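Presented below is the structure to which this report refers.
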Amino acid sequence: MPHTEAVEVVGLLQARDGNQRAQVATLVGKAHDWSKTASNSGLPCNLTWISLSYCILCSIAYALPAMSLSDTDSSDIATALLRTTLPCMGIEQSFPKVMRYTPGTYLGLGIPNPWVENGISKLSLWTRHASSDTVLGK
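Under our numbering, think of the first position of the sequence shown as 955, with each following residue one higher.
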């Protein structure tokens, strides 16, 4: 097996050379499939929002601590997820990107930005294990 080929390990695709192309492609595909299903489901806006918040975003968040997303990768994931999902929730597709990730208290949608969530998850993992006597903490 070539060192650039990804293998599934604990539900994530990882290549021996460290590239994340396969995992990013999997997340983009998962986001695209979910958004297509959501747009064809005929769910009311509030149920689409609940499904977005508690299903697909949690599925994407599972992979984030093990990845190092670039801004382009996170933008690809968010675009695949929100391109058809926003109109299903009654939100104009041209809604400003900055406001998509702004908390609701500041009149934004409060959707987690994958790039920011990736950084937070890595910092959280580091602070949890930095001073502990575990394999990651040594």
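We treat Cβ as the ideally placed atom computed from N, Cα and C, and that holds for glycine. Computed from a predicted model, the values in this text were never measured in an experiment.
- [ ] Measure from the C-beta of tryptophan 988 to each C-beta in chain C and report whether the shortest distance is under 9 Å.
- [x] Here there is only one protein chain, and chain C is not present.
Open item on the list: I want to know whether the region 1039-1052 touches the region 1019-1028 - three or more CB-CB distances under 8 Å.
Closed with: Counting C-beta pairs closer than 8 Å gives fewer than three between the region 1039-1052 and the region 1019-1028, which falls short of the contact rule.
Task: Beta-carbon gap between alanine 969 and histidine 957 smaller than 9 Å - done: Annotated as proximal: alanine 969 and histidine 957, with beta-carbon spacing under 9 Å.
TODO: Give a yes or no on whether the C-beta atoms belonging to phenylalanine 1049 and leucine 1035 are separated by under 9 Å.
DONE: Cβ atoms of phenylalanine 1049 and leucine 1035: not closer than 9 Å.
- [ ] State the DSSP-derived secondary structure class of leucine 966, mapped to helix, strand or coil.
- [x] Three-state result, leucine 966: strand.
TODO: Tell me, please, which residues DSSP counts as bridged to valine 961.
DONE: DSSP output for valine 961 lists Gln968 as bridge partner(s).
Task: First through last residue of the alpha helix (DSSP H) which encompasses isoleucine 1074 - done: Counting along the chain, the alpha helix (DSSP H) containing isoleucine 1074 begins and ends at 1068-1083.
Open item on the list: Please classify aspartate 987 as buried or exposed, where buried requires at least 16 neighbouring CB atoms within 10 angstroms.
Closed with: With fewer than 16 neighbouring CB atoms inside 10 Å of its own CB, aspartate 987 falls in the exposed class.
Task: Cα-Cα separation, serine 1029 to proline 1068 - done: Distance between the alpha carbons of serine 1029 and proline 1068 is about 8 Å.
Open item on the list: Using C-beta distances below 8 Å, list every residue in its chain close to proline 1066, excluding the 5 sequence neighbours before and after it, in chain order.
Closed with: So the qualifying residues of the chain are Leu1011, Ala1015, Tyr1055.
Open item on the list: Let me check understanding here. Comparing Cα to Cα, which of Gln974, His1083, Ser1005, Ala979 lies closest to threonine 1039?
Closed with: Nearest C-alpha to threonine 1039: Ser1005.
Task: alpha helix (DSSP H) segment containing alanine 1017, residue limits - done: 1011-1017 is the extent of the alpha helix (DSSP H) around alanine 1017.
Open item on the list: For the alpha helix (DSSP H) containing glutamate 977, name the first residue and the last one.
Closed with: Residue identity differs from the one stated: residue 977 is glutamine in this sequence, not glutamate. Glutamine 977: member of the alpha helix (DSSP H) spanning 975-995, first to last residue.
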